[in-house]
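Read the structure below first, then the notes.
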Amino acid sequence: MVVYGSEIAKSIKEEIALKVSGYLDKGLRKPKLKVILVGDNPASLSYVKGKVKACEVSLIDCEVVHLSKDISQDDLEDIILKADQDETVDGILLQLPLPEGLNERSALSKISPQKDVDGLSVDNKGKLFIKEDGFRPCTPLGIMEILKRSGVKIASKNAVVIGRSQLVGLPVAKMLLDENATVTICHSKSEDLKSICQKADILIVAIGKAKFITSDYVKKGAVVIDVGVNRVDGKLCGDVDFEEVKGIASLITPVPKGVGPMTIASLMLNTLKAYEDKL
Ligand code: NAP
């Protein structure tokens with residue numbers, strides 16, 4: 001079965017809009033997301049466009065602050081701090097990567113944990129690892145929503161995560177562990193990756209190498225979530241050879257229309273959570 005994250009994301013945004021309508025009926029304001037974009041990286045511009053559109057559908061106010069790539073670190077951090085102090089702003093998203101010369105970690109640290117809807121602050125990462133309520137990073141959260149909403153049983157299953165990044169691999173592994181999967185994390189130094197993957201009931205692939213996972217890596221009936229976004233001959237593709245693997249997997253997500261839209265839907269979920277936490 002091919003599971004389109006784009007369809008699940010649509011349902012999530014509709015559910016959020018319904019909740020926000022309820023709040024508006026009670027005389028409350030809409031949730032508000034402030035997006036801070038620095039420079040003109042085409043991929044970032046396109047991601048921000050997607051986020052603005054998703055906010056419209058979810059009835060979330062979205063303000064984009066578009067800054068020059070030449071902004072100083074101090075000025076950028078001042079702008080973030082002002083947004084952080086603004087009572088009408090529920091969530092702040094600093095679009096990454098920042099242009100060369102700007103320090104991402106320092107800029108991100110100016111967003112308070114309560115407004116860190118991207119879940120990238122040290123505080124929210126810590127909360128994930130001590131299993132406390134907080135904002136989970138959007139892509140791992142989106143992956144977990146795909147699994148849950150598709151009725152995938154996670155507890156007691158063998159989950160293999162390829163990739164150990166702070167953004168995807170590491171947090172999704174912890175989230176799977178919290179759902180009682182038996183989790184193996186693989187990376188570029190892992191030996192005999194193929195035989196580890198062949199034991200996976202759930203295989204999460206976040207490497208960044210086009211069509212790296214072929215059918216011989218996948219157990220019959222496995223659930224395969226492809227996080228990778230690669231461009232080959234101008235066309236988007238994932239880390240999984242979709243055409244080869246779709247006949248073996250019991251569930252597979254495509255690229256595009258798979259995990260990507262779920263990342264944005266998770267940002268909407270987190271922004272609603274920031275708003276509701278304040279209420
Ligand atoms: P990353 O920070 O570059 O991490 C890649 C991970 O893959 C690393 O842990 C690396 O191992 C591992 N790796 C690389 N080559 C490998 C190999 N041959 N065998 C096993 N492991 C290997 O990337 P990321 O941020 O996690 O992103 C991964 C992919 O997901 C990218 O294509 C990115 O564009 C995509 N992505 C998509 C979304 C979305 O919303 N759809 C969001 C985020 C990322 P080492 O640690 O040993 O180097």
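By the working numbering, the letter at position 232 of the sequence shown is numbered 232, and the numbering carries on one by one without gaps. Yeah, the Cβ is synthetic: ideal placement off N, Cα and C, and Gly gets one too. Here the structure is a predicted model, which means the values were calculated and not measured.
So, at 8 Å on beta carbons, what are the nonlocal neighbours of residue i in its own chain, with the 5 sequence-adjacent residues on each side left out?
i, result
"residue 80", "36, 92, 94, 107, 110, 111"
"residue 114", "274, 277, 278"
"residue 167", "120, 137, 139"
"residue 259", "5, 139, 142, 143, 146, 225, 226, 227, 253"
"residue 3", "146, 150, 251, 252, 253, 258"
"residue 102", "38, 71, 73, 76"
"residue 69", "38, 39, 40, 99"
"residue 280", "Here the chain has residues from 1 to 279 only, and residue 280 is not among them."
Mark residue i as exposed unless 16 or more other C-beta atoms lie within 10 angstroms of its C-beta, in which case mark it buried.
i, result
"residue 136", "buried"
"residue 268", "buried"
"residue 213", "buried"
"residue 253", "buried"
"residue 281", "Residue 281 lies beyond the residue range present for the chain, which begins at 1 and ends at 279; the question has no answer from this structure."
"residue 121", "buried"
"residue 266", "buried"
"residue 171", "buried"
"residue 169", "buried"
"residue 97", "exposed"
"residue 124", "buried"
"residue 24", "exposed"
"residue 130", "exposed"
"residue 262", "buried"
"residue 78", "exposed"
"residue 239", "buried"
"residue 157", "buried"
What is the C-beta distance between residue i and residue j, in whole angstroms, given that I count them as a contact (C-beta under 8 Å)?
i, j, result
"residue 200", "residue 176", "Residue 200 to residue 176, Cβ: 11 Å. No contact."
"residue 155", "residue 180", "4 Å"
"residue 62", "residue 49", "With 8 Å as the limit, residue 62 and residue 49 do not qualify as a contact, their Cβ atoms being about 11 Å apart."
"residue 270", "residue 38", "Not confirmed; about 21 Å, so no contact."
"residue 255", "residue 233", "15 Å between Cβ atoms; not a contact."
"residue 43", "residue 264", "About 14 Å; that fails the 8 Å criterion."
"residue 194", "residue 216", "6 Å"
"residue 161", "residue 185", "5 Å"
"residue 196", "residue 152", "Actually they are not in contact, since the Cβ atoms of residue 196 and residue 152 sit about 20 Å apart, beyond 8 Å."
"residue 33", "residue 90", "7 Å"
For residue i, which residues of its own chain have a beta-carbon under 7 Å away from its beta-carbon, when the five flanking residues on both sides are left out?
i, result
"residue 21", "59"
"residue 249", "218, 222, 223, 224"
"residue 183", "159, 161, 173, 176, 177"
"residue 1", "250, 251"
Closer than 8 Å, CB to CB, is residue i near chain D or not?
i, result
"residue 144", "Absent from the structure: chain D. Only one protein chain is present."
Going by beta carbon distance, what residues of the same chain come within less than 6 Å of residue i, once the five residues before and after it are set aside?
i, result
"residue 272", "16, 31"
"residue 187", "164"
"residue 230", "210, 237"
"residue 119", "135, 136, 137"
"residue 198", "219"
"residue 76", "107"
"residue 67", "38"
"residue 127", "134"
"residue 208", "228"
"residue 12", "265"
"residue 83", "34, 89, 92"
"residue 244", "214, 215"
With which residues is residue i paired in a DSSP beta bridge?
i, result
"residue 63", "34"
"residue 231", "236"
"residue 218", "Answer is none; residue 218 lacks a bridge partner."
"residue 92", "34, 116"
"residue 205", "162, 226"
"residue 251", "223"
"residue 185", "161"
"residue 2", "252"
"residue 213", "240"
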